[in-house]
Amino acid sequence: MTSKIDDFEQAYYQERAARIKAEQLIEDKSQVLSALNQELVKKVAALERQQQLFIQADKMATLGTLAAGVAHEINNPLAYVMSNNEYLLEIRLVVDKLLLLNEQFASGKLDAKELKAALETLRQSQSLIEIGAEIKELIEDSDEGLRRINTIVRNLLNFSRPADNEKDLCDMTDGIKNALKLLNNQLKNYNITSHFSPLPQTMCNLSMINQIIVNLLINAKHACDVHDERDGHIHVHAGYENNKIVISVTDNGCGMSDKVKVQIFNPFFTTKPVGTGTGMGMALVYTMVTAHSGTIEIDSTEHEGTKVSCFFPVLSHSLFNE
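Residue numbers (the numbering used here): 127 to 448.
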């Protein structure tokens, strides 16, 4: 009987020792996994920061290519605002003369006859009726010009805003229209068409959507430039199909070979001459589309053209925060 108790006790202690050893092993492994997980979180955060830096660098490079066109777009309305102001200063001299005559008449320095003669002299040099009409027209023209400048600057600020991952409930069409406005001068010699169907609002980063479309439009422009013997045509489409938002940019440019298509999303891959392309445009487009849980497809035929389509799920605020 004693032997059986001893055997049982020995088995108990062996099982207990094995359990303690297993628990210690699990504890050790858990600590290792926790350390690895913390390191992974740090590396993911660092990678996200690096992606944001790449996206912002791409914005700055794009702004460099836009600078000349934007300066031209601002200079046009600015020139006639300045011209209008110069003419308004001339009109002010006439108004000053009228105010002086009024003051002299009110103080008794001029009688009615002298006032009438002075006004007649002034009328012969400048039609007061015409001045009134011109002032209204000059102010309206200047207001329109300043509004155009304000729109251009606002579009630039929206585009150049530092990249982040913040998403709000938006209509992606706004990002597309902003991109078209931003590239208005660069695309003025191309046949640009668009078709926008009503889109449901979705959680998105409108600055990223703007940058996606700018990059796609610039690529389409460059593709059309290769085939300069025919008129460049670029079509922008936005619609809601099969429960997804679809945004596409189609051009009749040079198209892509199969070899180029398989590399198009590789960082630093470019078909442009050395020094004219960073090779990050489409890689960042892919990154920004996937950041919205989207997918991207390319349909391209060499020497005929390319269609780039981006598909985005509709994300509500509640789904986004789950």
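Idealized CB from N, CA, C, for every residue including glycine.
As the structure is a prediction and not an experimental result, all values here were calculated from the model.
Item: Range of the contiguous alpha helix (DSSP H) that encloses His-348; Value: 332–352
Item: Cβ-Cβ distance between Glu-428 and Ser-383 below 7 Å; Value: yes
Item: Under the three-state DSSP convention, the category Glu-423 falls into; Value: strand
Item: Host beta strand (DSSP E) of Gly-431 (start-end); Value: 431–439
Item: Asn-210 - DSSP class collapsed to helix/strand/coil; Value: helix
Item: Where the beta strand (DSSP E) containing Asn-317 begins and where it ends; Value: 317–322
Item: Limits of the beta strand (DSSP E) - the one that Ala-305 falls within; Value: No beta strand (DSSP E) holds Ala-305; the alpha helix (DSSP H) holding it covers 298–308.
Item: Terminal residues of the alpha helix (DSSP H) in which Val-415 lies; Value: 407–416
Item: Which residues DSSP lists as bridging Met-382, in chain order; Value: Bridge partners of Met-382: none, in fact.
Item: Cβ pair Ile-360, Tyr-316 closer than 7 Å; Value: yes
Item: Neighbourhood of Ala-74 by C-beta, 8 Å cutoff - its chain only, sequence neighbours within 5 removed; Value: The requested residue 74 is not part of the displayed model; the chain covers only 127 to 448.
Item: Contact set for Met-408: own chain, Cβ-Cβ below 6 Å, skip 5 residues either direction; Value: Ile-390 and Phe-391
Item: Thr-413, buried or exposed, once every other Cβ within 10 Å from all chains shown has been counted against 16; Value: buried
Item: Simplified DSSP state of Ile-390, which is helix, strand or coil; Value: coil
Item: Helix, strand or coil at Gly-271 [DSSP, three-state]; Value: helix
Item: Pair within 7 Å by beta-carbon distance, Leu-264 and Asn-210; Value: yes
Item: Local conformation of Asp-237 per DSSP, three classes; Value: coil
Item: Close beta carbons around Gly-365, own chain, < 7 Å, minus the five adjacent residues each side; Value: Ser-323 and Val-372
Item: Of the listed residues Ala-205, Lys-242 and Asp-377, nearest to Thr-320 (C-alpha basis); Value: The residue asked about is misnamed: residue 320 is Ser in this sequence, not Thr. Closest option to Ser-320, Cα to Cα, is Asp-377.
Item: Backbone CA spacing between Gln-136 and Ala-172 [nearest angstrom]; Value: 53 Å
Item: Whole-number beta carbon distance between Gly-358 and Gly-381, since they are thought to touch under 8 Å; Value: That belief does not hold up - the Cβ atoms of Gly-381 and Gly-358 are roughly 13 Å apart, past 8 Å.
Item: Proximity of Leu-441 and Thr-299 at Cβ, strictly below 7 Å; Value: no
Item: C-beta contact flag for Phe-437 and Lys-387 at 7 Å; Value: no
Item: Leu-342 vs Val-434 beta-carbon contact at 7 Å; Value: yes
Item: Strand pairing of Ile-360, partner residues [DSSP]; Value: Ile-318 and Asp-377
Item: Straight-line gap, Glu-423 to Asn-163 (C-alpha atoms, nearest Å); Value: 34 Å
Item: Tyr-213 beta carbon less than 7 Å from that of Gly-271; Value: no
Item: Inter-residue spacing [alpha-carbon to alpha-carbon] between Glu-246 and Lys-239; Value: 11 Å
Item: Pair within 7 Å by beta-carbon distance, Asn-368 and Asn-336; Value: no
Item: Ile-146 versus Leu-295 - alpha carbon distance; Value: 53 Å
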